[in-house]
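Engineer: After the structure tokens below, expect a handful of questions from me.
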Amino acid sequence: MQFFKILSLALALSVFGCKRPAAKQSNAVVVTGTVFETQSYCGGAAPSEDRLAQMKIPKPLAGKVIYLKSGKVNNPEAPVVAEVTADERGEFSVSLEPGFYVMVDEKRVDKASYNYMMSNFAEKTENYTAVDKACLDKWVAEANLVFEVLAEANEPLNVTFHKPCSWNSFPCVTFIGERPR
């Protein structure tokens, strides 16, 4: 009988004596924005001045994947805190804790593009100069956008990516080959 009293007391203490862990409060706020794109003239029939001007006007970019990391400078080895894809209007929405963030695209999210450039453009070729390593080090550390998330009242973000010509799409090298006509 004494055994059951002790067992009952132990059970009661374990049930009522334990507190539930406090739920981690999230201070996340919704951040919205739009991804835009401009384009370069890449050859072919000479476009009109109006067409050249139109190519410089940012247009919504559907389906663009952007990566968000904490901080004010891009570190290719830092973890991605959010990966977001722009909708058909180029718009996106993401929940983030207050703080500073960098937004980067697939070329700056990790060391893959950097390593590709260093291995494929280490020396001058018929079409390209050798990669400028100091330029590439600076380029990879730059974010496409640096922004601060406040606890409330955040303005929508706008970021514009430029679509270069395929033969001139590598940073920190110069195309020296024959241009398409």
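Numbering (our numbering) for the sequence shown: 18 to 198.
Using N, Cα and C, we set each Cβ at its ideal position, and we do this for glycine too.
Just so we're clear, the structure is a prediction, and the values are computed from it rather than from any experiment.
If you reduce the DSSP assignment to three classes, tell me which class Leu162 lands in.
Structural biologist: Under the three-state reduction of DSSP output, Leu162 falls in the strand class.
Engineer: Suppose the cutoff is 6 Å on Cβ atoms and the five residues either side in sequence are ignored; what does the same chain contact list for Pro173 look like?
Structural biologist: Only Thr49, Gly50 meet the Cβ criterion.
Engineer: Relative to the C-alpha of Lys180, which residue among Glu114, Val98, Val190, Leu78 is closest?
Structural biologist: From the listed residues Glu114, Val98, Val190, Leu78, the smallest Cα separation to Lys180 is found for Leu78.
Engineer: Apart from the five residues on each side of it in sequence, which residues of its chain come closer than 8 Å, Cβ to Cβ, to Ala147?
Structural biologist: Setting aside the 5 residues that flank it on each side, Ala147 is surrounded in the same chain by Phe138, Ala139, Glu140, Lys141, Val190, each with a C-beta closer than 8 Å to its C-beta; the list follows chain order.
Engineer: Would you report the Cα separation of Gly61 and Glu195, rounded to the nearest angstrom?
Structural biologist: The alpha-carbon atoms of Gly61 and Glu195 are separated by roughly 13 Å.
Engineer: So if DSSP puts Asn175 in a beta bridge, which residue, or which two residues, is it bridged to?
Structural biologist: Thr51
Engineer: State the CB to CB distance for the pair Leu113 and Val52, rounded to an integer number of angstroms; the pair is presumed to be in contact (CB under 8 Å).
Structural biologist: Leu113 to Val52, Cβ: 16 Å. No contact.
Engineer: Buried or exposed for Val90, going by 16 or more other Cβ atoms inside 10 Å?
Structural biologist: Classification of Val90: exposed, given that the 10 Å Cβ count is below 16.
Engineer: In whole angstroms, what separates the C-alpha of Gly88 from that of Asn161?
Structural biologist: 13 Å
Engineer: Going by CA-CA distance only, name the one from Ala99, Arg68, Phe109, Tyr58 that's closest to Gly80.
Structural biologist: Phe109
Engineer: Starting from Ala103, follow the beta strand (DSSP E) in both directions and report where the run begins and ends.
Structural biologist: Where Ala103 is concerned, there is no enclosing beta strand (DSSP E), given that its DSSP letter is neither H nor E.
Engineer: Can you give me the start and stop residues for the beta strand (DSSP E) that Ser87 sits inside?
Structural biologist: 82-87
Engineer: Could you check whether Pro93 and Tyr131 sit closer than 8 Å to each other, using their CB atoms as the reference points?
Structural biologist: Result yes, Cβ atoms of Tyr131 and Pro93 sit closer than 8 Å.
Engineer: What span of residues does the beta strand (DSSP E) with Leu113 cover, start to end?
Structural biologist: For Leu113, the uninterrupted beta strand (DSSP E) run begins and ends at 108-113, by DSSP.
Engineer: Under 8 Å by Cβ, that's how I've got Val166 and Gly116 pegged, so tell me the actual separation to the nearest angstrom.
Structural biologist: 6 Å
Engineer: Considering only C-alpha positions, which residue in the set Ser43, Ile193, Phe192, Glu54 is nearest to Asp122?
Structural biologist: Glu54
Engineer: Using DSSP bridges, identify the partner residues of Gln56.
Structural biologist: Lys180
Engineer: Using a threshold of 8 Å, state whether the C-beta atoms of Val111 and Val101 are closer than that.
Structural biologist: yes
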